[in-house]
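Visitor: For the sequence shown, this note's numbering gives the first residue as 707, with consecutive numbering after it. Think of the CB as a built atom: it goes at the ideal place given N, C-alpha and C, for glycine as much as any other residue. None of these values were measured; they are calculated from a predicted model. The structure's right below; bear with me while I get my questions together.
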Amino acid sequence: MAAVAVHQFAQCITCHAWSPDHTMVAICPNNNEVHIYKSLLDKWERVHVLQKHDQIISGIDWSVRSNRIVTVSHDRNSYVWNQEALEWVPTLVILRLNRAALCVQWSPKENKFAVGSGAKTVCICYYEQENNWWVSKLIRKRHNSSVTSVAWHPNNILVATTSTDGKCRIFSTFIKGVDSRDSGTSLPSDLKFGEQIVQLDLSFSWTFGVKWSPSGNTLAYAGHNSMIYFVDDIGPSPSAQNVAFHDLPLRDVLFVSERMVIGVGFDCNPMVFTADERGIWSFVKFLDERKIAPSGSKYGSQFSEAFGKLYGQSKHGVSNDAVEPSRPRGGAHENCITYIVPLKKAGDNTVKSFSTSGLDGKVVIWELENEAYN
């Protein structure tokens, strides 16, 4: 499968987001602005430029239901943008950070958003109706280094984080008056804000791009050591699987179904990982090339049970160290892919298409084949 659309917008894109109807795309061209493009007569025209930040914008998310844009920047600030008539009006969110804000994501119900930062903290922001502004509560003293990515569980309560300290953590973000106790999770109902559910020590390098599966039963994230980690049964005794590959590290991942994950990163080429009937994950192919890696050249896989504070120590494992044959490089992307975004509407359980952006200034749209939904 090849890319179905390649759009050159800038020299470098740090992140991007789509409007709810997918007719507009917002990109951050490695500066303090957000450029919004609209598809008009098969051409992309810039219709808005959002200017409020003082430094590079490092994260953006466009809400599906409420049509709001949230941005974060190295200037330690965040803005929520609301469209009024033909203009986008910003509202400042006080994050109370002393280091750069690095990533942001709306919660599933869009009544909160999470911000990861270089200050070793995570800000959970919510709207305070009485004062008509967005406020934040901080999760402190847990991370030992910068928070590189955040991901919301479908229950709107749990949030997962990755960090350059090599760990993945899961926290409760329950806020009285904002959330309800009947979240549908099997975890204790008396969880307090900022309480850590689990800490995963699977990686010995920086970690990036954490994501939940559509059901919230599986968690995936990438390590800078060319490994991707899959965790099931989140709670006191989670089970984890480490999949190693012989290519450059990933920067972001995306679940397109319960048993299929797309990983993107420094190889400039999306990678497909799938789980078999036993739940064992493995690498399948690269999306942007005609020749698929031979089935006999599988990547190493380790399956481990994790208990207590010893998460990541293998109980038993299976590995295959076959070397992958050389393959041609180049394709839709010509530089590191840093961002992957699903193209789906509210209520969709599967991802039929997604987009990627990277340091080459391109936004590429990919269509998935029918078997990807199974």
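1. State the start and end residues of the unbroken beta strand (DSSP E) segment that holds residue 795.
2. Based on Cα-Cα distance, which residue from 980, 838, 899 and 782 lies nearest to residue 844?
3. Can you tell me where the beta strand (DSSP E) with residue 936 in it begins and where it stops?
4. Pairing CB atoms from the region 970-981 with CB atoms from the region 1039-1047, are three or more of them under 8 angstroms?
5. Pick helix, strand or coil for residue 1040, following the three-state DSSP scheme.
6. Apart from the five residues just before and just after residue 802, which ones in its own chain have a Cβ nearer than 7 angstroms to its Cβ?
7. Under a Cβ-count criterion, where at least 16 other Cβ atoms within 10 Å of its own Cβ denotes burial, should residue 711 be classed as buried or exposed?
8. As a quick exercise: from 850, 852, 794 and 812, pick the residue whose alpha carbon is nearest that of residue 865.
9. Beta-carbon within less than 6 angstroms of residue 749's beta-carbon, same chain only, minus the 5 sequence neighbours each way: which residues are those?
10. In three-state terms, what does DSSP make of residue 958?
11. According to DSSP, which residues form a beta bridge with residue 1072?
12. Spatial neighbours of residue 1065 within its chain, please: C-beta separation below 7 angstroms, excluding the five flanking residues on both sides.
13. Below 6 angstroms CB to CB, which residues in the same chain sit around residue 1058 once its five sequence neighbours on both sides are set aside?
14. Is residue 900 helix, strand or coil when you go by DSSP?
15. Indicate the three-state DSSP secondary structure (helix, strand or coil) for residue 1030 in the structure shown.
16. Counting C-beta neighbours from all protein chains within 10 Å, is the total for residue 910 16 or more, i.e. buried, or is it exposed?
17. With DSSP run on the structure shown, which of helix, strand or coil describes residue 737?
18. For residue 768, list the residues DSSP reports as bridge partners.
19. Where does residue 757 sit, in a helix, a strand or coil, going by DSSP?
20. What first and last residue would you give for the beta strand (DSSP E) that runs through residue 875?
21. Going by the C-beta, is residue 1070 closer than 7 angstroms to any heavy atom of the ligand SAM?
22. Take residue 755 and list the residues in its own chain whose beta-carbon comes closer than 8 angstroms to its own, dropping the five residues that flank it on each side.
23. What is the DSSP secondary structure of residue 660, reduced to helix, strand or coil?
24. Is the distance from the Cβ of residue 1060 to the Cβ of residue 986 below 8 angstroms?
25. Determine whether the beta carbon atoms of residue 872 and residue 912 lie at a separation below 8 angstroms.
26. Tell me, please, which residues DSSP counts as bridged to residue 723.
27. Going by the CB atoms, is the gap between residue 785 and residue 799 shorter than 8 angstroms?
28. Can you check which of these residues, 867, 820 and 775, is closest to residue 915 by C-alpha distance?
29. Would you call the CB atoms of residue 937 and residue 954 closer than 8 angstroms?
30. So which of 991, 818, 732 and 957 has the shortest CA-CA distance to residue 885?
31. Just to confirm, is the Cβ distance from residue 788 to residue 777 under 8 angstroms?
32. Can you check whether the CB of residue 795 is closer than 8 angstroms to the CB of residue 822?
Guide: Once the coordinates are examined:
1. 793-799
2. 899
3. 933-938
4. yes
5. coil
6. 842 and 844
7. exposed
8. 812
9. none
10. strand
11. 1060
12. 718, 1041, 1042 and 1044
13. 1074
14. coil
15. With a pLDDT of only 39 at residue 1030, under the threshold of 50, the placement of this residue in the model should not be trusted, and no figure is reported.
16. exposed
17. coil
18. 775
19. strand
20. 874-878
21. Among the ligands in the structure shown, none appear at all, so the ligand SAM cannot be discussed.
22. 739, 740, 741 and 742
23. A question about residue 660 goes unanswered here, because the residues of the chain that appear run from 707 up to 1080.
24. no
25. yes
26. 732
27. yes
28. 867
29. no
30. 818
31. no
32. no
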